[in-house]
Amino acid sequence: MDLSDPLRSLIPSLDSAALAVLAGTESALSASQVTRLAGRGSRAGLSLVLERLSVTGLITAEPSNTGAMYRLNRSHVLAPAVESAVAARREVVSRLRAAVGALTPVPAHASLFGSFARGAGDEASDLDLLVVTPPGLDRQAESWRAQVRALEDDVLTWTGNTLEPLVLSTDELVAAAAAGEPLVEELARDALVLVGSAFDALLPGRSGPS
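Residues in the sequence shown are numbered from -6 upward in steps of one, following this note's numbering.
Have a look at this one:
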């Protein structure tokens, strides 16, 4: 799955850029506004896309003094498919939050980091997952390792992307912070918490949101 633009996985053409913009608002937008928000494609190219999509009825073209204003037709039978694809990142987070929360024992903390957490990535990107284990967990125990493998398999099935789990104890994380590991600052800046407390709360002397 294209992690930054899931709809593009279904519709590789410029149509996905226009639809993603219109799915993200209730307002009617001009071709110029769609072009600015899409971040790819030219105004001429997107104007052609908008005209074509309006013929299908998936978007409506409302006349105005400055030209047509476009809006996703949420009553169209295909609109829910568009909205579902646009919301796929949220669905991935929701599924991972439930799956990590179902691990036994539940991690002291788990968060996504890296490109996915920053809203970037593509179909070749991994999902980076930090898992901070609770005290006393034997990470070499087959019962735990099997759960992590199952989680990796689930993510691959859900998205086509590989899950890269980084499993650390709290002591190992604190030691990494003390050593000035760049990854710790990346986590403090970008971590998208799934389970447990905020990332900074795991490290002595740090406070504030992760």
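For every residue, glycine included, the Cβ atom is placed at its ideal position computed from N, Cα and C.
Only a predicted model underlies this, so the values are computations on that prediction, with no experimental measurement involved.
1) The beta strand (DSSP E) that contains L123, what's its start and end?
2) Is V75 close to the ligand MG? I mean its beta-carbon at under 8 Å from any heavy atom of the ligand.
3) If you count every other CB in all the chains shown that lies within 10 Å of the CB of P73, and 16 or more means buried, which is it?
4) If you draw a straight line from the alpha carbon of M260 to that of E55, how long is it in whole angstroms?
5) Once the 5 residues before and after L130 are set aside, which same chain residues still bring their CB inside 7 Å of it?
6) Please name the residue, chosen from L196, N58, A13 and E19, that lies closest to L39 on a Cα-to-Cα basis.
7) Is the CB-CB distance between P158 and L144 below 9 Å?
8) If you draw a straight line from the C-alpha of H102 to the C-alpha of V75, how long is it?
9) Closest to T210 by C-alpha separation, out of L65, W151, V79 and F106, would be which residue?
10) Please state the DSSP three-state secondary structure of S136.
11) For A84 and V93, I'd like the C-alpha separation in whole angstroms.
12) So what does DSSP say about A78, is it helix, strand or coil?
13) Could you pull the start and end residues of the alpha helix (DSSP H) that R67 belongs to?
14) Which runs of the alpha helix (DSSP H), 4 residues or longer, sit entirely within the region -1 to 76?
15) Extract the residue ranges of the alpha helix (DSSP H) inside the region 149 to 193, only unbroken runs of 4 or more that lie entirely within it.
16) Compute the Euclidean distance between the alpha carbons of S203 and A91, then round it to the nearest angstrom.
17) Work out the CA separation of R36 and S25 for me, nearest whole Å.
Let me lay it out:
1) L120 to T126
2) With respect to the ligand MG, the structure shown offers nothing to examine, as it has no ligands at all.
3) exposed
4) Any question about residue 260 goes unanswered here, given that the chain covers just -6 to 203.
5) P98 and W137
6) A13
7) yes
8) 33 Å
9) Given a span of -6 to 203 for the chain in the structure shown, any question on residue 210 remains unanswerable.
10) helix
11) Going by the sequence as given, residue 84 is Glu instead of Ala. In a straight line, the C-alpha of E84 is about 14 Å away from that of V93.
12) helix
13) Per DSSP, R67 belongs to no alpha helix (DSSP H) and is neither H nor E.
14) -1 to 3, 8 to 16, 24 to 31 and 36 to 49
15) 163 to 171 and 175 to 183
16) Low per-residue confidence applies at S203: pLDDT is 40, beneath 50, and the placement is therefore not dependable enough to give any value.
17) 6 Å
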